[in-house]
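First comes the structure, then the notes that go with it.
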Amino acid sequence: MKKTLKQLYKMAAAQEPIACLTAYDAAFAHWADTAGVDVILVGDSLGMVVQGQRTTLPVSLEDMVYHTQMVQRGNKQAWCIADVPFMADKNLDTVMDAAAQLLKVGQADMVKLEGGQRIVSYVQALAERGVPVCGHLGLLPQSVLKKGYQVQGTDPAQAAQLLADAQALVAAGIDLLVLECVPSELAKQITAALPIPVIGIGAGAVVNGQVLVSYDVLGLTPGRAPKFSQNFLTGRDSILAAFEAYVQAVKDKTFPTADHEVG
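Start counting the sequence shown at 2; every next residue gets the next number (the numbering used here).
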């Protein structure tokens, strides 16, 4: 049965962790879905892990729509979030067009926008039109040329700003929040302060769910894997077994551990 936003809220309220993985095509989506993930994220991370780009910035809206279409052909039950790519949110018109394309053509269930106060008016406009929106705070891959790949919220002023941004996004109408690469204590504080589910990546264990890049879960990413990730294919003989192990580890709260802390 297809997951709904209401079910994700019920899971968070019942303290049942939400398991999320990225997917970029029908095959990966099928195995993630079969393994029992609750949420599939069609991330603009595809620029790096699929296209071989140095950052996520070259990914186009057309790329995102295309990959979301493929994912939804392989996905039967998971809630599907699609990223609004770099500069597709340069103004309200482009944001509305991107959301329309991702939901109508890509068949996504929700769109994800990076940023804090800057996107509040966009979130309000989308929410008014019934578009489910996921926020994204902490490390913002679309801002790496300016901010780099660094843990965010490590000083009091930065932490206070992240909390304020999260609350502003909730007031504007986001339905979920992804927190990336923030200290676990800050993630815990933000999660406790918000009435919506918070999904972490490199944000410790005290959030409502976890997301990892599927290529990291399978040990496919060239070079050194992020500290917050884990290769679940080690000791297992199939992609399905690795994905099932990841889902189980999230559900029984054995992942992430203190070894996966980033700050």
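All C-beta atoms in this analysis are idealised placements derived from N, C-alpha and C, irrespective of residue type, glycine included.
Being a predicted model, the structure only gives us computed values, none of them experimental.
Note that the region 62 to 69 touches the region 99 to 119; at least 3 beta-carbon pairs, one per stretch, sit closer than 8 Å. Going by DSSP, residue 75 is part of no beta strand (DSSP E) but of the alpha helix (DSSP H) stretching over 62 to 75. Taking C-beta separations shorter than 6 Å and ignoring five residues to either side along the sequence, the partners of residue 251 in its chain run 18, 20, 211, following chain order. Contiguous alpha helix (DSSP H) elements confined to the region 131 to 159 occur at 145 to 148, taking only those with 4 or more residues.
DSSP, read as helix, strand or coil, puts residue 4 in coil.
DSSP, reduced to helix, strand and coil, places residue 41 within a strand of the structure shown. In the displayed model, residue 115 falls within a strand according to three-state DSSP. Straight across, the Cα-Cα distance linking residue 172 with residue 11 is about 20 Å. With contacts defined by Cβ atoms closer than 7 Å, residue 247 and residue 218 form a contacting pair. Within 10 angstroms of the beta-carbon of residue 150 lie fewer than 16 other beta-carbons, which makes it exposed. Under the three-state reduction of DSSP output, residue 17 falls in the coil class, being neither helix nor strand.
Beta-bridge partners of residue 211 (DSSP): 20, 201. The C-beta distance from residue 180 to residue 191 rounds to 6 Å, short enough to fall under 8 Å. Secondary structure note for residue 98: its alpha helix (DSSP H) is the uninterrupted segment 93 to 101. In the DSSP annotation of this structure, the continuous segment of the alpha helix (DSSP H) that includes residue 241 starts and ends at 240 to 252. DSSP links residue 80 through a beta bridge to 40. Between residue 80 and residue 39, the alpha-carbon positions lie close to 6 Å from each other.
Residue 255 counts as exposed, since fewer than 16 other beta carbons sit within 10 angstroms of its beta carbon. Residue 236 and residue 118 have their C-alpha atoms some 44 Å from each other.
For residue 181, the enclosing beta strand (DSSP E) covers residues 177 to 181.
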